[in-house]
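Worksheet: one structure, shown below.
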Amino acid sequence: MATLVSGGSGGEQASSSSQSKTPPANVSGSSSARPSTSHHSLKRLQSNGMSTAGEPQKPPDAKQVLEFLRDHFVHDEPILSSLNIENISELDTLLTDIIKDCLSCACSNVVKDQETEELIGVCLASRTTIFDEQMDRLCKYTFNDKQLQIAVEFLKYVFNRVDIAYHIDQHGVGKPIFIALIAVRKDRQKQGIATSMLQKW
C-alpha cells in the first residue's frame, strides 16, 4: 500500500482552471503535461494498492527527500546517471536548493509506503514567481566537478532556448506551476505513482 502526502499549505494551491505546468527542470527533459483523470486510471491505481490523502498533509522532511533523490533520482535519471557525478557534496548543494524552493509549494508531494513509511515517489514543484531567482542562482554555481558542470550548462542552455515567460504570457496563464522533477523508486515504476502525484493537483 502507498500513501500520497502533499507538501505546503492547502491555501497555496491554485485552482485547476487557472493553473498550468511548465516543463520539468530535471535534466531528462521529460514532459510534464498533466494527465487527464479517468475512471480507468483511478481503478488501476486502486488495483495497485494506491490511496491518496484527501487533504495536503505535513510537508515532507527535506533530509528524507534529499536522501531519496541521492539514492534513486541521481542513479536512475538518464543524463545524470550517464555523467557519473562523483562530487556528492556539490550535487547535494544543487538538490538541496531545489528542495528548499519546492517544499513550500502545495503542489509538491511524495508517496510513501504505508507499511514502512519509506518514500517511493517524489514530485517537486515551485511557483514561477521565483523563476528569475532560480535562474540567477543556476548561473552563479561554481562547481568543481566537471560532470556536474556539464549538467548545469545543459540546464542553462535549455532555459536560454525556451522563453518560459513568453509562453506563459502568450497563453494567458494566471497561476503557473513549475515542475522541478518527478522521481519514482525503480522497483515501483510503471504502477501509476507518478501519474497519481500529478493528479493530486
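Mapped onto full-length UniProt numbering, the consecutive letters of the sequence shown carry residue numbers 1 to 201. Ideal Cβ placement from N, Cα and C applies to all residues, glycine included. Small disclaimer: the values here were computed from a predicted structure and weren't measured.
Which of the three DSSP states is assigned to residue i in this structure?
i, result
"S196", "helix"
"N160", "helix"
"D113", "strand"
"R34", "In this predicted model, R34 has a pLDDT of only 42, less than 50, meaning its place in the structure is not dependable; the value taken from the coordinates is given anyway. R34 falls in the coil class under three-state DSSP."
"F178", "strand"
"D169", "helix"
Please classify residue i as buried or exposed, where buried requires at least 16 other C-beta atoms within 10 Å of its C-beta.
i, result
"A151", "buried"
"H75", "exposed"
"I182", "buried"
"S82", "exposed"
The beta strand (DSSP E) that contains residue i, what's its start and end?
i, result
"R188", "No beta strand (DSSP E) contains R188, which DSSP labels as neither H nor E."
"I120", "L119 to R127"
With distance defined between alpha-carbon atoms, name the residue in the options nearest to residue i.
i, options, result
"D136", "D145, L155 and E118", "L155"
"I88", "G192, L148, A106 and V162", "L148"
"Y141", "V122, N109 and D92", "D92"
"F68", "R188, V184 and Q199", "V184"
"Q189", "K63, F73, A62 and V162", "F73"
"S108", "Q191, K186, F178 and D187", "F178"
"residue 203", "G192, C139, R70 and D132", "With the chain running from 1 to 201 in the structure shown, residue 203 is simply not present."
"R127", "N84, K112 and G174", "G174"
Is residue i close to the ligand PLP? I mean its beta-carbon at under 7 Å from any heavy atom of the ligand.
i, result
"V65", "Judged by which ligands are present, the structure shown has none, so any question about the ligand PLP falls away."
Leaving aside the five residues before and after residue i along the sequence, list all residues of the same chain whose C-beta is less than 8 Å from its C-beta, in chain order.
i, result
"L66", "D92, L95, T96 and I99"
Over what stretch of residues does the alpha helix (DSSP H) that includes residue i continue unbroken?
i, result
"S89", "I88 to C102"
"F131", "F131 to K140"
"V65", "A62 to F68"
"S82", "P78 to L83"
Taking 7 Å as the limit between beta carbons, can you name the residues of its chain near residue i, skipping five residues before and five after?
i, result
"F159", "M135"
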